[in-house]
Amino acid sequence: MAKKEHKSKFTISMDAALLRRLDKVCDARNQARSQVIERIVGDQIEKEEGFVKDMENPVLRTVLNAMVNTPGLIHTMAKLVGQNMTDEELDNLRVGAKEQIEYGKARQQLKKNMPEIGKVEPA
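First residue of the sequence shown: 2, per my numbering; consecutive thereafter.
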């Protein structure tokens, strides 16, 4: 008999509308919430880890900062790809980007001062 893998249990809070969407997917796939959530997180975690690493890069932070502080550039880029951005969407992008730039800067400084923070544990 194969040994059952131990899985950590935790509690999360989620927007009610998002939870309803999740439950519809779970019902359609005949799977438990935990199975669907684990698969979704597994599919997306590399993307998130990449973004975190990118925000620790001072060059990429500088480029992103220049972009979000040049509204005309973002509007032009959006139009080039056939999209329109409202002023509200632009403001939300700017606020979110600035937060991530600051978090990335703090993580980079922390890793510089405490190199063991940047080490990745094997899976």
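Heads up, the beta-carbon is just placed ideally off N, CA and C, and yes, glycines get one too.
Proximity below 7 Å, CB of Val26 to CB of Val42:
no
Distance CB(Val60)-CB(Arg95) smaller than 7 Å:
no
Once the 5 residues before and after Ala33 are set aside, which same chain residues still bring their CB inside 8 Å of it?
Cys27
Can you say whether Arg22 is buried or exposed, counting buried as having 16 or more other CB atoms within 10 angstroms of its CB?
exposed
If I'm right that Glu39 touches Gly105 with Cβ under 8 Å, what's the distance once you round it to whole angstroms?
Between Gly105 and Glu39 the Cβ distance is about 27 Å, and since that is not below 8 Å, they are no contact.
Can you tell me whether Arg30 is buried or exposed, with buried defined as 16 or more other CB within 10 angstroms of its CB?
It is exposed - the Cβ of Arg30 has fewer than 16 other Cβ atoms within 10 Å.
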